[in-house]
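Numbering (my numbering), first residue to last: 8 to 248.
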């Protein structure tokens, strides 16, 4: 979702709905979802990967980015001073296989305004709370869903965890309703039946829906989320993740 009014110093476009979902591929405004790209394994240190990503974020003037497939272990943070970003990530324990991982890259001046550091639920879900003007807040979730080749049990567990996280988002403050943004790679293909999913889908779906897409649509409907890249006329490659 894009929010109005914005946090001072953070450029966000004004739109009306309370909750939008931005799967990777379409990233309006200054909230981005990016998949981390591992570099040469011999040089694949967090510091080096962070520099490569922050160069791109700075070039596009991104304020907050949700990163998927970071493959960092445990939880931690690193600050990149030159480009001006802080990375905060959530992954698996060091002893376990690292094949997922999520993170936020946040402009350093925004990190100082957060009421608390981002919270990692596991290696596929992470959230932060961002203050806006007045008494308004938005909760931003970084999500990385299982691929279609994963087991049904693993995919169901992800959506159970996402549901549990969504129901903890403060729904009512005084006197406003909190904003909500879900950013991430959901590995989902979404259909075009706008009439069947009113309030969730826009008119520009893909024509077919995979199992992940159905799980995702049900979650969006339950939590009143709008799928943003289906509301825009985009190339097909930017509608599926």
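Every residue, glycine too, gets a C-beta built ideally from N, C-alpha and C.
Since the structure is predicted, the reported quantities are computational estimates derived from the model, not experimental observations.
Contact under 8 Å by Cβ, residue i with residue j
| i | j | result |
| --- | --- | --- |
| residue 113 | residue 71 | yes |
| residue 133 | residue 154 | no |
| residue 98 | residue 75 | no |
| residue 238 | residue 209 | yes |
| residue 173 | residue 230 | yes |
| residue 191 | residue 228 | no |
| residue 176 | residue 185 | yes |
| residue 90 | residue 121 | no |
| residue 166 | residue 226 | yes |
| residue 115 | residue 84 | no |
Member of the options whose CA lies at the smallest distance from the CA of residue i
| i | options | result |
| --- | --- | --- |
| residue 77 | 234, 156, 221, 96 | 96 |
| residue 215 | 196, 89, 61 | 196 |
| residue 223 | 176, 243, 162 | 162 |
| residue 105 | 198, 82, 241 | 82 |
Three-state secondary structure assigned by DSSP to residue i
| i | result |
| --- | --- |
| residue 67 | coil |
| residue 192 | strand |
| residue 58 | helix |
| residue 31 | Any reading at residue 31 needs caution, since the residue's pLDDT is 43, under 50, leaving its predicted position unreliable; the model's value is listed next. Reduced to three states, the DSSP call for residue 31 is coil. |
| residue 181 | With a pLDDT of 36 at residue 181, under the threshold of 50, the predicted position of this residue should be treated as unreliable, though the coordinate-derived value follows. Residue 181: coil per DSSP, three-state reduction. |
| residue 73 | strand |
| residue 45 | The pLDDT assigned to residue 45 is 48, lower than 50, so where the model puts this residue is not dependable, and the model offers no usable value. |
| residue 120 | coil |
Residues that residue i bridges to, as DSSP identifies them
| i | result |
| --- | --- |
| residue 138 | 144 |
| residue 82 | 97 |
Anticipated Cβ contact below 8 Å, residue i with residue j, distance rounded
| i | j | result |
| --- | --- | --- |
| residue 1 | residue 93 | Because the chain is modelled from 8 through 248, residue 1 falls outside the range shown and cannot be assessed. |
| residue 142 | residue 108 | Rounded, the Cβ-Cβ distance is 34 Å, inconsistent with contact. |
| residue 137 | residue 144 | 7 Å |
| residue 152 | residue 193 | 5 Å |
| residue 207 | residue 241 | Actually they are not in contact, since the Cβ atoms of residue 207 and residue 241 sit about 17 Å apart, beyond 8 Å. |
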